[in-house]
Amino acid sequence: MNKNIQPPIARKEPKILEKHGDQRVDPYYWMRDRENQEVIDYLNAENKYIEEVMSEHKQFEEDLFEELKGRIQEKDESVPYKARDYYYYVRYIEGGEYPIYCRKKGSLETEEEILIDANIEAKDKSYYKVGGMTVGEDQNKIAYAEDIVGRRIYTVRFRDLSTGENLEDVLEETTGDAVWAADGKTVFYTTQDKETLRPDKVWRHTLGTPQSEDVVVYEEKDDTFWIGVRRTKSRAYLAIESGSTLTTETRILKADDPFGEFKPFIPREREHEYSVSHFNGHFYIVTNWDAKNFRLMKVSEDADTTDKNNWEEVIAHRTDTLLEGLDIFKNFYVIEERRDGLVHIRIIKWEDGSEHYLDFGEETYSAWSGANPDFNTDILRFGYNSLTTPYSEYDYNMVDRSRVLLKQQKVLGKFDPQDYEAKRLYATAKDGVKVPISVVYKKGFELNGQNPLYMTGYGSYGISYDVAFSPSRISLMERGFAFAIAHIRGGEDLGRAWYEDGKMLKKKNTFNDFIACSEFLIEEKYTSAEKFVINGGSAGGLLMGVVVNARPDLYKFVISDVPFVDVVTTMLDESIPLTTGEYDEWGNPNEKKYYDYMLSYSPYDQVEKKDYPHMLVTSGLHDSQVQYWEPTKWVAKLREESTSDNYIMLKTNMDAGHSGASGRFQRFKEVAFEYATIFAVVAPEQMVAIDR
Numbered sequence: 001m002n003k004n005i006q007p008p009i010a011r012k013e014p015k016i017l018e019k020h021g022d023q024r025v026d027p028y029y030w031m032r033d034r035e036n037q038e039v040i041d042y043l044n045a046e047n048k049y050i051e052e053v054m055s056e057h058k059q060f061e062e063d064l065f066e067e068l069k070g071r072i073q074e075k076d077e078s079v080p081y082k083a084r085d086y087y088y089y090v091r092y093i094e095g096g097e098y099p100i101y102c103r104k105k106g107s108l109e110t111e112e113e114i115l116i117d118a119n120i121e122a123k124d125k126s127y128y129k130v131g132g133m134t135v136g137e138d139q140n141k142i143a144y145a146e147d148i149v150g151r152r153i154y155t156v157r158f159r160d161l162s163t164g165e166n167l168e169d170v171l172e173e174t175t176g177d178a179v180w181a182a183d184g185k186t187v188f189y190t191t192q193d194k195e196t197l198r199p200d201k202v203w204r205h206t207l208g209t210p211q212s213e214d215v216v217v218y219e220e221k222d223d224t225f226w227i228g229v230r231r232t233k234s235r236a237y238l239a240i241e242s243g244s245t246l247t248t249e250t251r252i253l254k255a256d257d258p259f260g261e262f263k264p265f266i267p268r269e270r271e272h273e274y275s276v277s278h279f280n281g282h283f284y285i286v287t288n289w290d291a292k293n294f295r296l297m298k299v300s301e302d303a304d305t306t307d308k309n310n311w312e313e314v315i316a317h318r319t320d321t322l323l324e325g326l327d328i329f330k331n332f333y334v335i336e337e338r339r340d341g342l343v344h345i346r347i348i349k350w351e352d353g354s355e356h357y358l359d360f361g362e363e364t365y366s367a368w369s370g371a372n373p374d375f376n377t378d379i380l381r382f383g384y385n386s387l388t389t390p391y392s393e394y395d396y397n398m399v400d401r402s403r404v405l406l407k408q409q410k411v412l413g414k415f416d417p418q419d420y421e422a423k424r425l426y427a428t429a430k431d432g433v434k435v436p437i438s439v440v441y442k443k444g445f446e447l448n449g450q451n452p453l454y455m456t457g458y459g460s461y462g463i464s465y466d467v468a469f470s471p472s473r474i475s476l477m478e479r480g481f482a483f484a485i486a487h488i489r490g491g492e493d494l495g496r497a498w499y500e501d502g503k504m505l506k507k508k509n510t511f512n513d514f515i516a517c518s519e520f521l522i523e524e525k526y527t528s529a530e531k532f533v534i535n536g537g538s539a540g541g542l543l544m545g546v547v548v549n550a551r552p553d554l555y556k557f558v559i560s561d562v563p564f565v566d567v568v569t570t571m572l573d574e575s576i577p578l579t580t581g582e583y584d585e586w587g588n589p590n591e592k593k594y595y596d597y598m599l600s601y602s603p604y605d606q607v608e609k610k611d612y613p614h615m616l617v618t619s620g621l622h623d624s625q626v627q628y629w630e631p632t633k634w635v636a637k638l639r640e641e642s643t644s645d646n647y648i649m650l651k652t653n654m655d656a657g658h659s660g661a662s663g664r665f666q667r668f669k670e671v672a673f674e675y676a677t678i679f680a681v682v683a684p685e686q687m688v689a690i691d692r
């Protein structure tokens with residue numbers, strides 16, 4: 001890496017931000033205008049800087065990209081699933097960046113019908129993503145959504161599958177949700193507030209009429225809630241779902257009565273979360289009413305009211321098990337549960353209540369119920385993978401308990417899962433809590449403190465960080481790295497309490513857990529501070545920002561992707577997407593106790609003079625989740641305050657948003673770049689080709 005190249009220096013224009021009598025000075029507040037050419041010029045200068053710094057490693061980066069791409073089977077096809085009269089699947093062609101959405105009628109032996117070829121649709125576009133795609137009642141029309149910027153603002157189009165031509169109907173500036181009513185000509189869709197991008201309205205559209213004549217059927221006026229619309233698996237009901245961090249509400253309408261009124265299933269109550277399924281004359285409700293880890297209830301659809309007083313318990317609350325999901329079939333129902341940090345799939349027979357669990361046989365893994373749109377089957381489609389087992393799909397016969405492996409992700413080259421070992425470890429946090437760590441490495445890995453290790457974490461919104469297989473990770477492990485996931489508080493890895501202990505005024509548990517995991521891995525000689533790489537994205541980028549302020553001595557290299565780092569300023573700005581809806585996650589800084597607590601950990605506010613490690617920060621100009629200016633300002637401030645001569649680099653994707661590049665292989669270019677920076681800093685001796 002070229003030390004002689006100087007980074008761009010951001011202009012400073014101090015702005016005083018005052019709240020609760022406290023003044024903060026932000027010298028880079030001016031960067032918030034993406035229409036300002038000075039901002040664009042600065043971002044381009046940062047991109048040029050990092051390109052020049054890494055220029056001597058360009059060949060390795062390109063070789064690494066070919067290595068990553070070379071493990072992927074370019075010509076590929078998903079496992080078909082049956083929905084009504086058709087089998088649906090996605091396939092990829094050699095050299096194709098985007099999926100081709102297909103179906104076959106009646107059996108897999110019939111002629112293929114292409115619904116959407118995203119390679120054609122994406123032509124001449126720097127970004128392209130197909131959002132939701134739903135099939136109409138006559139199975140001859142589809143509604144599909146497309147985003148060509150990466151800001152998650154979709155245009156919904158309609159296609160007549162008998163001709164392959166699009167209809168004149170076009171729905172602009174939507175969230176991508178589009179659901180058909182039973183009449184085959186009425187569609188419900190959602191739009192977002194133009195400034196905050198909060199999904200706030202459900203509209204009714206009739207095919208053949210202009211969007212200007214569409215009618216709002218529901219508006220969510222509480223700015224802490226978002227909305228969505230769906231059709232139940234039974235196809236009998238339409239459902240509008242409103243949700244905030246802690247509270248949900250569902251409104252239902254019979255699918256054959258599209259001009260009727262959506263009625264609340266049960267009115268919202270603060271901190272009551274529930275979801276509704278429909279089957280065989282009953283509604284089934286997964287609810288946390290008097291049940292922190294959720295339970296399953298039911299009520300007759302013919303009841304005078306679906307109020308909680310009429311609910312009957314089906315599965316009781318358990319303190320050691322989180323009830324995460326429900327899937328219903330004609331003879332069985334399937335429960336996804338989380339216990340001891342792992343997902344368990346429980347199968348229960350309607351007739352007599354007999355039950356059993358699927359056995360997965362590994363120490364650390366992830367599993368889930370897959371695409372199961374059909375009630376009338378005894379076959380459960382489920383997915384499975386682990387740190388050493390590639391993504392796999394199975395059909396499981398719930399009657400005779402046999403399973404068939406339909407497909408396992410093919411990893412090209414010499415990959416053999418038996419060459420790698422995965423473990424579940426436990427670190428002790430500063431308050432005595434045991435925090436799980438999943439770790440994987442190539443067999444022969446020695447605990448001598450000399451090996452590089454890459455650890456990631458998230459720890460927010462109750463999102464569990466399940467283990468997953470990654471072909472790209474082989475490039476790290478084959479060059480001596482171990483890979484680890486810290487299952488820190490703030491996620492729901494160990495149940496609802498695990499989440500609640502890592503949010504609001506307990507948020508610092510998330511950061512302390514990650515530091516404890518880091519210290520543990522060093523103490524156990526999995527790595528050393530000179531070989532330690534950490535990564536997190538979005539709220540995981542916040543995690544990176546906090547731990548690098550608190551313990552920069554623990555790490556050699558920190559990668560923070562699209563990081564949420566200017567916590568106080570963002571959470572005080574109600575015009576920014578996501579802000580008001582996240583008060584129940586972080587707290588409302590308009591209240592002083594939350595302001596003070598947020599300020600005490602906000603990465604941007606807590607940057608100070610110290611020896612920061614090498615850092616790579618990524619951003620997307622069109623990011624709707626974390627605005628590009630947060631990482632941009634943070635890097636400028638880090639550079640100004642850092643007392644080390646380590647690299648602090650910013651890379652902004654000028655054509656994408658929160659999720660990065662849209663193309664199948666373009667994503668590997670981003671991974672190859674990040675990996676190249678890691679090797680250049682942590683293991684330059686490993687910047688060589690490996691035998692694949």
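Using full-length UniProt numbering, the first residue of the sequence shown is number 1, and each one after it goes up by one.
From the three backbone atoms N, C-alpha and C, an ideal C-beta is built for every residue, glycine too.
Burial state of residue i, where buried means 16 or more other Cβ atoms lie within 10 Å
| i | result |
| --- | --- |
| Gly-70 | exposed |
| His-14 | Note on identity: in this sequence residue 14 is Pro, with His being the wrong assignment. Answer is exposed; the Cβ neighbour count stays below 16. |
| Ser-602 | buried |
| Arg-84 | exposed |
| Thr-175 | buried |
| Tyr-154 | buried |
| Lys-651 | buried |
| Val-170 | exposed |
| Phe-259 | exposed |
| His-487 | buried |
| Val-217 | buried |
| Thr-305 | exposed |
Cut-off 7 Å between Cβ atoms - residues of its own chain near residue i, not counting five sequence neighbours on either side
| i | result |
| --- | --- |
| Lys-556 | Ala-529, Glu-530, Lys-531, Phe-532, Val-533, Pro-613, His-614, Val-681 and Val-682 |
| Pro-80 | Tyr-87, Tyr-88, Tyr-89 and Leu-108 |
| Ala-689 | Asp-63 |
| Asn-549 | Pro-603, Gln-606 and Val-607 |
| Gly-660 | Note on Gly-660: pLDDT 49, under 50, position unreliable in the model; no value is reported. |
Three-state secondary structure (DSSP) of residue i
| i | result |
| --- | --- |
| Ser-369 | strand |
| Lys-531 | helix |
| Thr-677 | helix |
| Ala-10 | coil |
| Ser-659 | Its pLDDT being 48, under 50, Ser-659 is placed unreliably in this model, and the value from its coordinates should be taken loosely. Ser-659 falls in the coil class under three-state DSSP. |
| Thr-196 | coil |
| Ala-83 | strand |
| Gly-545 | helix |
| Met-54 | coil |
| Asp-41 | helix |
| Glu-523 | helix |
| Phe-557 | strand |
| Ser-277 | strand |
| Tyr-396 | strand |
| Asp-138 | coil |
Own chain partners of residue i with C-beta closer than 8 Å, once the 5 adjacent residues on each side are dropped
| i | result |
| --- | --- |
| Lys-3 | Asp-645 |
| Ile-100 | Val-90, Arg-91, Tyr-92, Ile-93, Ile-114, Ile-116, Asp-117, Ala-118 and Asn-119 |
| Val-215 | Trp-203 and Arg-204 |
| Pro-267 | Glu-249 |
| Glu-77 | Tyr-89, Val-90, Arg-91 and Tyr-92 |
Cβ distance (whole Å) where residue i is taken to contact residue j below 8 Å
| i | j | result |
| --- | --- | --- |
| Glu-443 | Tyr-28 | It is Lys, not Glu, that sits at residue 443 in the sequence shown. Their Cβ separation, rounded to whole angstroms, is 48 Å, which puts Lys-443 and Tyr-28 out of contact at 8 Å. |
| Thr-248 | Glu-241 | 7 Å |
| Leu-387 | Val-440 | 4 Å |
| Val-156 | Tyr-127 | So it is not a contact: roughly 18 Å between Cβ atoms. |
| Met-477 | Leu-521 | Their Cβ separation, rounded to whole angstroms, is 15 Å, which puts Met-477 and Leu-521 out of contact at 8 Å. |
| Gly-459 | Gly-495 | So it is not a contact: roughly 14 Å between Cβ atoms. |
| Ala-178 | Thr-134 | 6 Å |
Residues near residue i in its chain [Cβ-Cβ closer than 6 Å; skip 5 each side]
| i | result |
| --- | --- |
| His-344 | Glu-337 and Tyr-357 |
| Asp-223 | Thr-580 |
The ligand SAH heavy atom lying under 7 Å from the CB of residue i
| i | result |
| --- | --- |
| Thr-510 | You won't find the ligand SAH in this model; it holds no ligand whatsoever. |
Query raised in the report: Using 8 Å as the threshold, is the segment 319-331 in touch with the segment 373-391, meaning 3 or more CB pairs across them?
Result: yes
**Report entry** the segment 495-509 touching the segment 438-453, judged by at least three CB pairs closer than 8 Å
**Finding:** no
Query - Touching by the beta-carbon criterion (3+ pairs, under 8 Å), the segment 419-439 and the segment 397-409 - result: no
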